[in-house]
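Just so we're aligned: 271 in numbering that gives the first Met the number 0 is position 272 of the sequence shown, and the numbers increase by one with no gaps anywhere.
Notes for the one structure printed next.
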Amino acid sequence: MQLRSSVLAQVFRMADSPTRVPYLDLKAQYRSIKPEIDAAIARVLDSSQFVLGSEVAAFEQEFAAYCGAAECIAVNSGTSALHLALLAAGVGPGDEVITVPFTFIASVAAITYAGARPVLVDIDPRSFTMDPAAVEAAITPRTKAILPVHLYGQTADMDSILEVARRHRLVVIEDAAQAHGAKYKRRMAGSIGDVACFSFYPAKNLGAYGEGGAVTTNNTEYARTIRMLRDWGQDRKYHHLLRGYNYRMEGFQGAILRVKLRHLEQWTEARRDVASKYNRMLADCEVQLPTEMPWARHVYHVYTLRARDRDGVQASLQAEGIQTAVHYAVPAHLQPAYADLGYSGGAFLQSEKAAREVLSLPIYPEMTDDQIHKVSQALTSIAAAR
Ligand SMILES: Cc1ncc(COP(=O)(O)O)c(C=O)c1O
0 MQLRSSVLAQ
10 VFRMADSPTR
20 VPYLDLKAQY
30 RSIKPEIDAA
40 IARVLDSSQF
50 VLGSEVAAFE
60 QEFAAYCGAA
70 ECIAVNSGTS
80 ALHLALLAAG
90 VGPGDEVITV
100 PFTFIASVAA
110 ITYAGARPVL
120 VDIDPRSFTM
130 DPAAVEAAIT
140 PRTKAILPVH
150 LYGQTADMDS
160 ILEVARRHRL
170 VVIEDAAQAH
180 GAKYKRRMAG
190 SIGDVACFSF
200 YPAKNLGAYG
210 EGGAVTTNNT
220 EYARTIRMLR
230 DWGQDRKYHH
240 LLRGYNYRME
250 GFQGAILRVK
260 LRHLEQWTEA
270 RRDVASKYNR
280 MLADCEVQLP
290 TEMPWARHVY
300 HVYTLRARDR
310 DGVQASLQAE
320 GIQTAVHYAV
330 PAHLQPAYAD
340 LGYSGGAFLQ
350 SEKAAREVLS
360 LPIYPEMTDD
370 QIHKVSQALT
380 SIAAAR
């Protein structure tokens, strides 16, 4: 968390410089909705409902409706959402959960929070998401759930994953932390599997002004359990039916997210517009552009391409004042903290190749044509010189 905060601090510093293109610009977004946000914050101060309360309850209803899910339970982070979704699905010690190594570490960590073992399968190199063909071979009698990640804002190949899951009676938990508003065919992320988890970390497409997360589901039994677990396992005050957690969402975050949710569709279209401009301007550039899969409405949480000599390209862009990011340089199975899972280099070739090649360009709804142009021109000349 500390490291990620310092990344965010760096982003804020970059956003101060008019001559550079920052990786993202949260200040520009705040400026565009300042009166609405300030009023929402004032409402929470007036009501003094600082934890859960009516703003959070209203946000839950509005976000459930947006995702096309019956229930939404707001929590204090995407990681907490994953933890509680796994517990509600009955995942515990001795169980296995299948996920991917090419993801933010929380997807894997949450499985260990529940006491279960993460079993990893490789990604499809085009979509960067779970390769459904690899799932079946990873299933054992201990497998309880499959946890596909809608990485970068694009849904995984859910029909294929759901088909395997149904045949083996496994729960499907969507990690939709990066995929607010993404679609699989006509279905919204958050309403495709049995249960889904979102993050509202500030840099996300729908970002709080602090930590936040949510679980969505059509399963009322899961929803009831998660509602109790996020608030100390209480079914009523000071009656603890379950051993729960303090995972409640703050009132400020609920009020802020309600404002931002009203803008999300327009912001998503703006992100898609930036992506299509990059696609056009970089068509002849010596890099491999991202693929929008036929089933997807990609929401471009990040715009990630592949580049030869990725680190060199990133350094050259940085020298021109263009900030980029790498999501992610080390796949989960090669992280020292997870060495005890027993995987070694070469176990997941596509994930390892992606980790060497991926580079995320600046993208946010407020990006100007001039900025998009600057990034594209710089990248084109840098890639051509290699
Ligand atoms: C794919 C993925 N899963 C889970 C999480 C965890 O969310 P949070 O940071 O809100 O705990 C994130 C957020 O960064 C993520 O990108």
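Yeah, the Cβ is synthetic: ideal placement off N, Cα and C, and Gly gets one too.
Burial state of residue i, where buried means 16 or more other Cβ atoms lie within 10 Å
i, result
"valine 10", "Per-residue confidence for valine 10 stands at a pLDDT of 49, beneath the threshold of 50, marking its modelled position as unreliable; no derived number is given."
"lysine 182", "buried"
"lysine 203", "buried"
"serine 375", "buried"
"aspartate 283", "exposed"
"histidine 372", "exposed"
"phenylalanine 49", "exposed"
Nearest to residue i (by Cα), restricted to the options the options
i, options, result
"threonine 102", "Arg296, Met129, Ile138", "Met129"
"glutamine 153", "Arg242, Arg270, Val258, Gly114", "Arg270"
"methionine 366", "Asp272, Glu351, Leu378", "Asp272"
"aspartate 310", "Ser159, Glu356, Thr224, Asp369", "Glu356"
"arginine 223", "Ile72, Glu61, Tyr65, Glu210", "Ile72"
"alanine 56", "Val329, Gly250, Arg185", "Gly250"
"lysine 259", "Phe58, Arg42, Ser53", "Phe58"
"glutamine 60", "Tyr363, Ala254, Val134, His149", "Ala254"
"aspartate 404", "Arg257, Gly91, Tyr244", "Here the chain covers residues 0 to 385 and nothing more, so residue 404 does not appear."
"glutamine 370", "Ala354, Ile381, Met280", "Met280"
"alanine 69", "Arg247, Ile191, Ala377, Ser275", "Ile191"
"glutamate 268", "Gly180, Lys236, Tyr244", "Gly180"
"lysine 184", "Ile40, Trp294, Arg141, Lys236", "Trp294"
"proline 361", "Phe347, Ala207, Leu316, Ala331", "Leu316"
"valine 170", "Tyr221, His297, Ala324", "Tyr221"
"glycine 212", "Arg385, Leu378, Ala63, Ala27", "Ala63"
Residue i - containing beta strand (DSSP E), residue span
i, result
"cysteine 196", "194 to 198"
"lysine 26", "That residue, lysine 26, is in no beta strand (DSSP E); its alpha helix (DSSP H) goes 25 to 31."
"lysine 143", "142 to 145"
"threonine 128", "Careful: threonine 128 lies outside any beta strand (DSSP E) and carries neither H nor E."
"aspartate 174", "170 to 174"
"valine 301", "Premise fails: valine 301 is in no beta strand (DSSP E) and is neither H nor E."
"alanine 73", "70 to 74"
"arginine 116", "116 to 119"
Cβ distance (whole Å) where residue i is taken to contact residue j below 8 Å
i, j, result
"aspartate 435", "leucine 81", "Only positions 0 to 385 of the chain appear in the structure, and residue 435 is not among them; the question remains open."
"alanine 115", "lysine 143", "7 Å"
"glutamine 287", "arginine 305", "4 Å"
"glutamine 349", "aspartate 121", "5 Å"
"cysteine 66", "glycine 189", "3 Å"
"valine 301", "histidine 326", "6 Å"
"proline 124", "alanine 353", "7 Å"
"serine 106", "valine 148", "5 Å"
"leucine 150", "glutamine 177", "6 Å"
Neighbourhood of residue i by C-beta, 8 Å cutoff - its chain only, sequence neighbours within 5 removed
i, result
"glycine 345", "Glu351"
"glutamate 400", "In the structure as shown, the chain begins at 0 and stops at 385. Residue 400 is therefore absent and cannot be evaluated."
"arginine 19", "Met13, Gly320, Ile321, Gln322"
"leucine 2", "The pLDDT assigned to leucine 2 is 43, lower than 50, so where the model puts this residue is not dependable; a value taken from the coordinates is nonetheless given after this. There are no such residues."
Segment limits, alpha helix (DSSP H) that includes residue i
i, result
"leucine 85", "77 to 87"
"cysteine 66", "53 to 66"
"arginine 235", "First-last for arginine 235: 233 to 235, but that is the beta strand (DSSP E), not the alpha helix (DSSP H)."
"valine 214", "Run containing valine 214: none in the alpha helix (DSSP H); it sits in the beta strand (DSSP E), 212 to 216."
"glutamate 135", "131 to 137"
"glutamate 428", "This structure cannot settle anything about residue 428, because the visible part of the chain is limited to 0 through 385."
"arginine 229", "Taken as a continuous stretch (DSSP letters only), arginine 229 belongs to no alpha helix (DSSP H), as it is neither H nor E."
"arginine 355", "348 to 356"
"leucine 161", "157 to 166"
"threonine 98", "Looking at the DSSP string, threonine 98 is not in any alpha helix (DSSP H); the run it does join, the beta strand (DSSP E), is 95 to 98."
Same chain, Cβ closer than 6 Å to residue i, five either side skipped, listed in chain order
i, result
"isoleucine 138", "His167"
"methionine 292", "Ser126"
"valine 118", "Glu95, Ile97, Ala137"
"alanine 84", "Ile172, Val194, Cys196, Val214"
"tyrosine 363", "Leu23, Asp24"
Spatial neighbours of residue i in its chain, beta-carbon cut-off 7 Å, leaving aside the 5 residues before and after
i, result
"phenylalanine 383", "Correcting the residue type first, residue 383 is alanine in the shown sequence and not phenylalanine. Cβ within range, chain order: Glu285."
"proline 131", "Asp156, Ser159, Ile160, Val163"
"threonine 111", "Pro117"
"alanine 113", "His82, Leu85, Leu86, Val90, Gly91"
"histidine 239", "Trp231, Gly232, Gln233"
"arginine 226", "Ile72"
"proline 289", "Tyr302, Thr303, Leu304"
Residue i beta carbon near ligand 2 (any heavy atom closer than 7 Å)
i, result
"threonine 78", "Within the structure as shown, ligand 2 is missing, the only ligands being ligand 1."
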